[in-house]
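Take a look at the structure set out below.
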Amino acid sequence: LKTVIRGGEFSPTVFERIRVLLAQAGGIEYTRRRAAAHITQAKESLNRFTPSKDRDILHDIADYALERTT
2 LKTVIRGGEF SPTVFERIRV LLAQAGGIEY TRRRAAAHIT QAKESLNRFT
52 PSKDRDILHD IADYALERTT
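The following block contains the structure:
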């Protein structure tokens with residue numbers, strides 16, 4: 002796995018195999034949980050600011066970052 006990643010160039014088939022291995026090892030779910038924790042913290046920090054359209058947009062971007070799949 003390290004060799005493939007360090008090489009930097011690999012086919013879609015190899016990329017899919019890496020994705021499967023990461024999922025099987027729990028790496029993808031772990032990363033999602035960590036991202037959710039960071040997003041929650043970021044949104045709590047935004048709540049210190051006066052409500053505004055800009056703040057709402059930043060909240061929406063944070064939610065989108067976690068919900069997107071590709």
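Residues 2 to 71 in the numbering used here are what the sequence shown lists, from first letter to last. All C-beta atoms, glycine included, are put in the ideal place defined by N, C-alpha and C. The structure displayed is predicted, hence computed values, not measured ones.
Spatial neighbours of residue i within its chain, please: C-beta separation below 8 Å, excluding the five flanking residues on both sides.
{"i": "residue 37", "result": "67"}
Among residues of its own chain, excluding the 5 on either side of residue i, which ones have a beta-carbon nearer than 7 Å to its beta-carbon?
{"i": "residue 56", "result": "47 and 50"}
In terms of residues, what are the limits of the alpha helix (DSSP H) holding residue i?
{"i": "residue 28", "result": "28-47"}
{"i": "residue 4", "result": "3-8"}
{"i": "residue 16", "result": "13-25"}
{"i": "residue 69", "result": "Counting along the chain, residue 69 falls outside any alpha helix (DSSP H), and DSSP gives it neither H nor E."}
Check whether the Cβ of residue i lies closer than 8 Å to any heavy atom of the ligand ADP, and answer yes or no.
{"i": "residue 37", "result": "Absence of the ligand ADP is noted for the structure shown, with no ligands found whatsoever."}
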